[in-house]
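For the sequence shown, the positions run 3 to 172 when our numbering is used.
Working notes for the structure below.
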Amino acid sequence: MHGPVMAFWVVCLVIVVLIVFVRPRMKPRGKLALPKTVGLKVGIDDLKADHQGYDLYYCGRKAVPSAILFVPQASTIQWILVAEKPGGWKKIVDEAMFADLVARMQDTDMGSRTQLKMVLPPGDMRGQTRDLCLIYTAGSTACYRQGEEETTYVLPPVPERGKRDYDRNK
Numbered sequence: 003m004h005g006p007v008m009a010f011w012v013v014c015l016v017i018v019v020l021i022v023f024v025r026p027r028m029k030p031r032g033k034l035a036l037p038k039t040v041g042l043k044v045g046i047d048d049l050k051a052d053h054q055g056y057d058l059y060y061c062g063r064k065a066v067p068s069a070i071l072f073v074p075q076a077s078t079i080q081w082i083l084v085a086e087k088p089g090g091w092k093k094i095v096d097e098a099m100f101a102d103l104v105a106r107m108q109d110t111d112m113g114s115r116t117q118l119k120m121v122l123p124p125g126d127m128r129g130q131t132r133d134l135c136l137i138y139t140a141g142s143t144a145c146y147r148q149g150e151e152e153t154t155y156v157l158p159p160v161p162e163r164g165k166r167d168y169d170r171n172k
């Protein structure tokens, strides 16, 4: 009887040591927020009319994109866009493609609350709103810092519509 109890406590001690010292360290993540929370007054209609200062990307399938991303061209932040195939970020090449993707997202909205949001990196970004990406989606994603650089962030794609984790962080 004494042997199994001692083995139980040894296993518990090993598990605690593994949890405390060996577990992978989680990277601090950013979040998505409405532009008005940082004092920016912009909507998707404004960006449809004038998006000349942005590089445009989409993720998901072209038939039903899960997000459209607006990356400022004059940004001091370097955005690394994960381009995993097939659902990763892809560049929007012309005006017709942009208009078509926005129309497809609006046509398939069906109450999923597709909104224009701002991508907020972890940490204090006050005064840097001109450097931040805007994203048009009902889904969710979170950026994180790449390496030790203070201004390099990775932005994974929004999961495709219909996937379990598409709408996980509303």
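Cβ coordinates follow ideal geometry from the N, Cα and C atoms, glycine included.
Name the DSSP beta bridge partners of residue i, please?
| i | result |
| --- | --- |
| Gly62 | Pro67 |
| Phe72 | Leu58 and Leu136 |
| Ile82 | Val156 |
| Gln117 | Thr139 |
| Arg106 | Arg106 is not bridged to any residue. |
| Leu122 | Lys33 |
| Lys93 | Tyr59 |
What is the rounded straight-line gap between the Cα of residue i and the Cα of residue j?
| i | j | result |
| --- | --- | --- |
| Tyr146 | Leu122 | 10 Å |
| Val73 | Glu151 | 19 Å |
| Ala35 | Met120 | 5 Å |
| Lys172 | Gly141 | With a pLDDT of 41 at Lys172, under the threshold of 50, the predicted position of this residue should be treated as unreliable, though the coordinate-derived value follows. Approximately 7 Å between the Cα atoms of the pair. |
| Gly90 | Ala9 | 48 Å |
| Ile82 | Tyr60 | 14 Å |
| Asp48 | Phe23 | 50 Å |
| Gly62 | Leu15 | 45 Å |
| Gly149 | Tyr155 | 9 Å |
| Cys175 | Trp11 | Coverage of the chain is limited to positions 3 through 172, which leaves residue 175 absent and any answer about it impossible. |
| Gln108 | Gln54 | 21 Å |
| Ile21 | Val7 | 21 Å |
| Asp2 | Asp133 | The structure shown has nothing for residue 2, since the chain only spans 3 to 172. |
| Lys87 | Gly5 | 53 Å |
| Val44 | Glu162 | 25 Å |
Going by the beta-carbon positions, is the gap between residue i and residue j smaller than 8 Å?
| i | j | result |
| --- | --- | --- |
| Asp57 | Gln80 | no |
| Ala85 | Val160 | no |
| Lys33 | Ala144 | yes |
| Pro124 | Arg31 | yes |
| Thr116 | Thr131 | no |
| Leu118 | Pro37 | yes |
| Ile137 | Leu71 | yes |
By alpha-carbon positions, which one of the options ends up nearest to residue i?
| i | options | result |
| --- | --- | --- |
| Val66 | Ala105, Val44 and Lys43 | Ala105 |
| Thr1 | Ile21, Ser77 and Lys64 | A query on residue 1 cannot be resolved here, the shown segment of the chain reaching from 3 to 172 and no further. |
| Lys92 | Val19, Val18, Asp52 and Lys64 | Lys64 |
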